[in-house]
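Participant: Dropping a structure here in structure tokens format, bear with me for questions.
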Amino acid sequence: MSRRGSPATSAKAKHRTELLRQMLRIRRFEERCVELYSTAEIRGFMHLYIGEEAVAAGLMQALSPDDAVVSTYREHGHALARGVPMVSVMAEMFGRVTGCSRGRGGSMHLFDVSRRFYGGNAIVGGGLPIAVGLALADAMRGRPQVTACLFGDGAVAEGEFHECLNLAALWRLPVLFCCENNLYAMGTALARAQAETDLALRASSYGMPSWAVDGMDAEAVAAAGHRAVETMRGSPGPCFLELRTYRFRAHSMYDAERYRDKAEVEHWKQYDPIDRLTARMRDDGELTDETLTALGSEMDTELDGAVSEAQAGALEPVEDLTRFVYTEQP
Amino acid sequence: MTAVHTTYRDAIREALREALRDDERVFLMGEDVGRYGGCFAVSLGLLEEFGPERIRDTPLSESAFVGAGIGAALAGMRPIVEIMTVNFSLLALDQILNNAATLLHMSGGQLSVPLVIRMTTGAGRQLAAQHSHSLEGWYAHIPGLRIITPATLPDARGMLRPALECPDPVLVFEHGSLYNAAGDLDEPADAVDIDNAALRRTGTDISLITYGGTLPTTLAAAEQLAAEGIEADVIDLRTLRPLDEASILDSVRRTHHAVVVDEGWRSGSLSAEIAARITEHAFYDLDAPVERVCTAEVPMPYAKHLEDAALPQTDDVVAAARRVVG
């Protein structure tokens, strides 16, 4: 069905190229983070997103710069796809004052208010009420924005999940609940923790439009995101997306992964979102080896720059330790 | 300026009304704040005056609506969240501690949370162990929060305005036994200082240090002591965090004796913190060890005689002061 060369195809190709670029960017970034972790330049808890890139890349395309994003501790991909500069994310990983949270947050607490990126929450389910509140403020002020709230399948077991879906539905608030269902809450499989594993079904019981989406397909995520955002801008009230995805790496750098076997991971790697989109674009004649090579070298340049700038970034003076406990007023 | 006869409850309501009237970003939300008029009737009539958008009844989901207050504050609103009692606030502790208190710091100064959370605290009404505790000292442990405890009519009336002007989360602890306290209050009211403790009575012999619901108890004790020739300073802390250490030390350096009266449990309490600070900074000014009058280390019982026995009473304060002054 390829219609090579037509304007429609080229718009589609452009869209796909952007999705691919974002996914590659996130993956390369995290692969570099693993290297930097092994040399102890990055420390703390670090949760990798590898395998799940289609969600961030697709979803962020559906949002406007005025919309708000609330994220989790596995948020490098969310932050990068949202437009938080790679250099400031990397500097944060290094604990530098040049980082997006001045080195006070680290991997789990990336914030960028200028992009309405509200972190970076390391308490499972902890971001959901904040998202409801952001949407409440927008609704009360008559602003058209939506708030996208990302969380994992583990959060579905928390009381806050149910409290917040109820509240957002009750008050007709524009929250896009985005559940990244990667099948594991740390090491506990969804089926071992949830009586009903169809999460979109559960969300629909709160009376909100809910869709289950192939979270390993960036185009499908982007389409679902657009559909949900359009629904919410058209009539007030929340929507729910269950993004069925999989993480190829361990929960965190400390995880020995005793809870799942390698065959399962290998099986899911067949659905690698980057490989899938690459293959699709090749089949449709939208991607050449040259383009791919060019993308790769663009990534390397950005990444090398981010790492060297992060390494060179200053540390916050220890005398400033107690700043930002209370707001500094002029 | 005219003086009106009012109550602590009505003074808080008037402060809420003023805030809602003067700033369209302000709204009140919580359990039963609307149609019911507030569990303690503080918000009675506000729904009719300001409508359901700004006087929001919430489901019984403390974590969600407290967290929603945080989110709304981040997006430019000035929410006042009411939690019925301090015991229920524990269901929202994750949001209060892990988000409200930390977002500014974790974000490197990007996210201020201008949120006011009001709740009832304390015992004395035979409500037993799940409605009677004084946990404000726990909250005062947490950097990033501001903890205020209005104990008088002017404070009930005047503390809300500076709390709303504060760019950081402010928790207001209203002692349940104070709501019916009555007296005359000037209108229009002055905003109250929420940075400094207030000296409610001056004396030369001993410093009685307290806050909130035990202020009347302590003032009554001071009167009894005066009849015996012992003149007490009574310090109303008003703000438990940041603590006005200077006012405490200033008083103790003048009187050389101190008793801390705190309705919290003694172990790991705010009274422990105050006693420690006096020891750290004014040890050589003391003529006797600091004493504390606290709640007995039991979950609060229902039966009146047992509840009375558990709580700091005027006679307990008098006895402690006598021992200290020797």
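Protein sequence lines, in the order shown, are assigned to chains A and B.
Last residue of the first sequence: 330 in UniProt numbering, with the numbers rising by one and none dropped.
Last residue of the second sequence: 326 in UniProt numbering, with the numbers rising by one and none dropped.
Glycine included, every Cβ here is placed at the ideal spot set by N, Cα and C.
What are the partner residues of T7/B, as DSSP defines its beta bridges?
Facilitator: Its beta-bridge partners are A182/B.
Participant: Enumerate, from N- to C-terminal direction, the unbroken beta strand (DSSP E) stretches of 3 or more residues contained entirely within the stretch 112–161 of chain B.
Facilitator: Here the runs fully enclosed are 116–121 and 146–148.
Participant: Taking 7 Å as the cut-off, is the C-beta of G51/B nearer than that to any heavy atom in the ligand HEM?
Facilitator: Ligands are entirely absent from the displayed structure, and the ligand HEM is therefore not among its contents.
Participant: Which residue wins for smallest C-alpha separation from N166/A, given the options R277/B, L60/B and G38/B?
Facilitator: Ranking R277/B, L60/B and G38/B by Cα distance to N166/A puts L60/B first.
Participant: Candidates P169/B, D168/B, T255/B and L178/B: which alpha carbon is nearest R157/B's?
Facilitator: Ranking P169/B, D168/B, T255/B and L178/B by Cα distance to R157/B puts L178/B first.
Participant: Is D233/B near G212/B, with beta carbons less than 8 Å apart?
Facilitator: No; because the gap between Cβ atoms is not below 8 Å, this pair is not in contact.
Participant: With 8 Å as the threshold, decide whether the Cβ of H326/A is near any Cβ in chain B.
Facilitator: The sequence as given places Tyr at residue 326/A; His does not occur at that position. Answer yes: the Cβ-Cβ gap between Y326/A and chain B drops below 8 Å somewhere.
Participant: So, is the C-beta of D138/A closer than 8 Å to a C-beta in chain B?
Facilitator: Judged by the 8 Å Cβ criterion, D138/A is in contact with chain B.
Participant: With DSSP as the reference, label E309/A as helix, strand or coil.
Facilitator: Helix.
Participant: Pull the bridge partners of P79/B from the DSSP assignment, please.
Facilitator: Answer is F27/B, bridged to P79/B.
Participant: For residue 350/A, write down the residues that DSSP places opposite it in a beta bridge.
Facilitator: Missing from the structure shown is residue 350/A; chain A here goes from 1 to 330 and no further.
Participant: Residues of the stretch 232–252 of chain A in Cβ contact with chain B at a cutoff of 8 Å, in chain order, please.
Facilitator: Within the stretch 232–252 of chain A, no residue has a Cβ that lies closer than 8 Å to any Cβ of chain B.
Participant: Within a Cβ cutoff of 6 Å, which residues of the same chain sit near E290/A, ignoring the five residues on either side of it in sequence?
Facilitator: Nothing listed; no residue qualifies.
Participant: Return yes when the Cβ of G313/A is within less than 8 Å of the Cβ of R96/A, no when it is not.
Facilitator: Cβ distance < 8 Å, so R96/A and G313/A count as in contact.
Participant: Locate the alpha helix (DSSP H) running through I235/B, then write down its first and last residues.
Facilitator: It is not in any alpha helix (DSSP H) - I235/B instead sits in the beta strand (DSSP E) that spans A232 to D236.
Participant: Does the beta-carbon distance from A131/A to T147/A come in below 8 Å?
Facilitator: Yes, Cβ-Cβ distance for A131/A and T147/A is below 8 Å.
Participant: Starting from D138/A, follow the alpha helix (DSSP H) in both directions and report where the run begins and ends.
Facilitator: Start and end: G127 to M140.
Participant: Consider the Cβ of A131/A: report whether some Cβ of chain B lies at a distance smaller than 8 Å.
Facilitator: Chain B contact via Cβ: present.
Participant: Could you tell me whether the Cβ of M119/B comes closer than 8 Å to any Cβ of chain A?
Facilitator: Not an interface residue.
Participant: Which one of P154/B, I235/B and M300/B has the shortest CA to CA distance from L127/B?
Facilitator: Nearest of P154/B, I235/B and M300/B to L127/B, Cα basis: M300/B.
Participant: Can you list the alpha helix (DSSP H) stretches of 4 or more residues lying completely in the stretch 250–320 of chain B, in chain order?
Facilitator: With a minimum length of 4 residues, the continuous alpha helix (DSSP H) runs that stay inside the stretch 250–320 of chain B are 270–282 and 304–310.
Participant: Taking only the alpha-carbon atoms, compute the straight-line gap between P65/A and S308/A and give it to the nearest angstrom.
Facilitator: Answer to the nearest angstrom: the Cα atoms are 28 Å apart.
Participant: Check the Cβ of G126/A against every Cβ in chain B and list those closer than 8 Å, keeping chain order.
Facilitator: Under the 8 Å cutoff, chain B gives G67, D94, Q95, N98 and N99.
Participant: From the beta carbon of R102/A, is the nearest beta carbon of chain B less than 8 Å away?
Facilitator: Yes, its Cβ sits closer than 8 Å to a Cβ of chain B.
Participant: Taking just the CA atoms, how far does E266/A sit from R258/A?
Facilitator: Looking at the two C-alpha atoms, the distance is approximately 15 Å.
Participant: For M159/B, go through chain A and note every residue whose CB falls closer than 7 Å to its CB, in chain order.
Facilitator: Here the premise fails: no neighbours, minimum Cβ distance about 17 Å.
Participant: Between A223/A, P236/A and D275/A, which has its C-alpha nearest D12/A's C-alpha?
Facilitator: First, the amino acid is wrong: residue 12/A is Lys here, not Asp. Minimum Cα distance to K12/A is reached at A223/A.
Participant: Please return the same chain residues whose Cβ sits closer than 6 Å to the Cβ of A92/B, not counting the five positions on each side in sequence.
Facilitator: Excluding sequence neighbours, A92/B sits near E62, S63 and V66.
Participant: Excluding five sequence neighbours on each side, which residues of the same chain lie with their C-beta closer than 6 Å to the C-beta of A182/B?
Facilitator: Result list for A182/B: T7, in chain order.
Participant: Distance check for A220/B and K304/B, CA to CA, integer angstroms please.
Facilitator: Distance between the alpha carbons of K304/B and A220/B: 21 Å.
Participant: Taking the C-alpha atoms as reference points, what is the distance between P144/A and G76/B?
Facilitator: C-alpha separation (whole angstroms): 15 Å.
Participant: Starting from the C-beta of S2/A, find all residues in its chain whose C-beta is less than 8 Å away, skip the five residues before and the five after it, and write them out in chain order.
Facilitator: Legend: pLDDT at S2/A = 45, less than 50; position of this residue unreliable, value from coordinates given subsequently. The answer, listed in chain order, is T9, D283, D284 and G285.
Participant: With a cut-off of 8 Å, does the C-beta of Y118/A fall near any C-beta of chain B?
Facilitator: Cβ-Cβ to chain B under 8 Å: yes for Y118/A.
Participant: Per DSSP, what are the beta-bridge partners of L199/B in this structure?
Facilitator: I235/B, per the DSSP bridge assignment.
Participant: Using a Cβ-Cβ cut-off of 7 Å (strictly less than) and excluding sequence neighbours within five positions of G34/B, which residues of its own chain qualify?
Facilitator: Once the five neighbours on either side are set aside, the close Cβ partners of G34/B are L47, P52, I55, R56 and D57.
Participant: In chain order, what residues of the same chain lie with their CB nearer than 8 Å to the CB of V70/A, ignoring the 5 residues before and after it?
Facilitator: So the list reads Y118, G119, N121, G127, L128, I130, A131, L134, T147, A148, C149 and L150, once near-sequence residues are dropped.
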